[in-house]
Structure formats: structure tokens, C-alpha cells
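Residue numbers (my numbering): 90 to 295. All residues carry an ideal CB built from backbone N, CA and C; glycine is no exception. Treat the numbers as computed from the prediction; the structure is a model and nothing was measured.
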Ligand SMILES: [Zn+2]
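Next up, the structure:
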């Protein structure tokens with residue numbers, strides 16, 4: 090049936106179905122919904138065009154920001170002795186909205202997957218180490234999902250930080266193995282935060 094659709098509509102369905110979490114059927118439904126929404130299409134078009142130019146990564150923590158520094162890095166009332174490492178800005182937002190943490194963050198954007206090309210460099214680990222040194226961070230909290238990739242990333246970071254005088258903890262009890270952080274509710278996340286596990290002590294070599 091889609092063969093009878095005009096080329097632009099077919100192109101839209103194809104583009105939408107390449108989005109994560111949207112199968113061909115949902116993309117199809119979404120495209121048909123958009124056709125009649127003229128002003129929504131126009132504002133979406135403008136936003137999508139502006140997005141790559143306007144939204145970039147914060148120079149310090151790699152959170153999304155329209156300025157050189159994100160609003161969290163600009164907030165000097167936060168505790169510089171703690172640095173929470175998250176996989177993505179969505180996880181950061183979730184921890185922020187739980188109101189359980191007042192330190193700064195570092196966003197990896199990927200979990201370690203060397204075969205897929207996500208390694209030390211892509212995760213920005215050298216910049217993370219520089220930040221820990223510059224800020225004299227005392228505790229690095231690894232708030233990564235307890236999935237296989239999350240655990241591998243946590244243990245890689247703990248090993249990498251072995252020679253630095255910083256305590257490394259990770260979220261522990263409360264989060265079931267295999268659960269992704271974005272699916273955790275507030276109570277579970279709070280428990281995981283409070284019961285974080287020490288991966289290494291705060292001095293050189295543990
Ligand atoms: Zn920032």
C-alpha cells in the first residue's frame with residue numbers, strides 16, 4: 090500500500106523508522122499523524138534544523154548544553170568533592186530529579202564496547218581523569234546500569250583509577266542485576282545511591 094504514497098511521505102516513514110524504539114508500523118502511524126499537523130511540522134522542522142548547531146556538549150562534564158558550560162557545572166553551590174559518572178544525560182536528569190545528590194557529574198555517552206568502537210577515547214576517560222585531578226575529587230560515584238556492559242565499564246573505570254587518590258563507589262543494593270537505570274523508580278534509585286558499594290578506597294592503590 091505504501092507504494093501508492095507520495096515520495097516525500099515514503100521518505101518520512103523511512104526516516105522515522107530509523108529512530109530507536111520506532112518500528113515500521115509506529116513510524117507509519119506517526120507520519121500519517123503529522124501530515125495534518127501543519128504548525129507542528131513547521132516547528133519540528135525548525136527545531137531539528139537548529140538542534141545540531143545549538144545543543145552541544147558541556148566543556149567540562151559532557152552533559153548537553155547550549156552554552157560552553159551546562160547549568161550544573163555553572164552552579165558553584167554544588168559539592169566539588171563528589172563526581173557522579175553516568176552513561177547518558179537522561180540518567181543524569183533522573184538522579185537530579187530524585188534530589189539525592191549535590192555533587193557534579195561526568196557523562197560517558199557510551200558504555201564500554203570495544204568491538205563496536207566504544208573504548209577509552211569515546212567514553213572520554215582521559216578528560217574524566219583530568220577533571221578528577223583538577224577538582225581534587227574525593228569520591229567518584231559510578232552510577233551505571235547493572236547490566237553486563239555497565240558492570241564492565243564500572244570495573245574498567247575502577248581499575249583505571251587505581252593509581253589516583255580517589256575513592257570509587259558504585260550504586261549497589263536496590264537495583265536488580267540487568268536493570269537499566271532509566272527504568273528504576275525513585276525509591277529504588279535512592280536506595281541504590283545510599284547503599285553504594287566501595288570499589289576502592291580514597292588513597293593511592295586503594
Ligand atoms: Zn557540565
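Check whether residue i and residue j have beta carbons under 8 Å apart
i           : j           : result
residue 255 : residue 230 : no
residue 213 : residue 148 : no
residue 138 : residue 167 : no
residue 241 : residue 257 : no
residue 133 : residue 120 : no
residue 187 : residue 279 : yes
Where the beta strand (DSSP E) containing residue i begins and where it ends
i           : result
residue 141 : Unbroken run through residue 141 is the alpha helix (DSSP H), 127-143; no beta strand (DSSP E).
residue 289 : 286-289
residue 228 : 228-231
residue 114 : Where residue 114 is concerned, there is no enclosing beta strand (DSSP E), although the alpha helix (DSSP H) it sits in stretches over 113-124.
Cα-Cα separation, residue i to residue j
i           : j           : result
residue 154 : residue 93  : 42 Å
residue 124 : residue 130 : 8 Å
residue 126 : residue 108 : 20 Å
residue 169 : residue 110 : 37 Å
residue 269 : residue 236 : 7 Å
residue 203 : residue 238 : 11 Å
residue 275 : residue 207 : 30 Å
Segment limits, alpha helix (DSSP H) that includes residue i
i           : result
residue 206 : Note, residue 206: premise wrong, no alpha helix (DSSP H); not H, not E.
residue 236 : Careful: residue 236 lies outside any alpha helix (DSSP H) and carries neither H nor E.
residue 223 : 214-224
Taking 8 Å as the threshold, find out whether the segment 166-177 comes into contact with the segment 191-209 through three or more Cβ pairs.
-> yes
For the segment 157-169 and the segment 130-143, state whether three or more C-beta atom pairs, one from each stretch, are separated by less than 8 Å.
-> A contact between stretches requires three or more CB pairs, one per stretch, nearer than 8 Å, and the segment 157-169 fails this requirement with the segment 130-143.
The segment 231-248 in contact with the segment 277-290 per 3-pair CB rule at 8 Å = Note that the segment 231-248 touches the segment 277-290; at least 3 beta-carbon pairs, one per stretch, sit closer than 8 Å.
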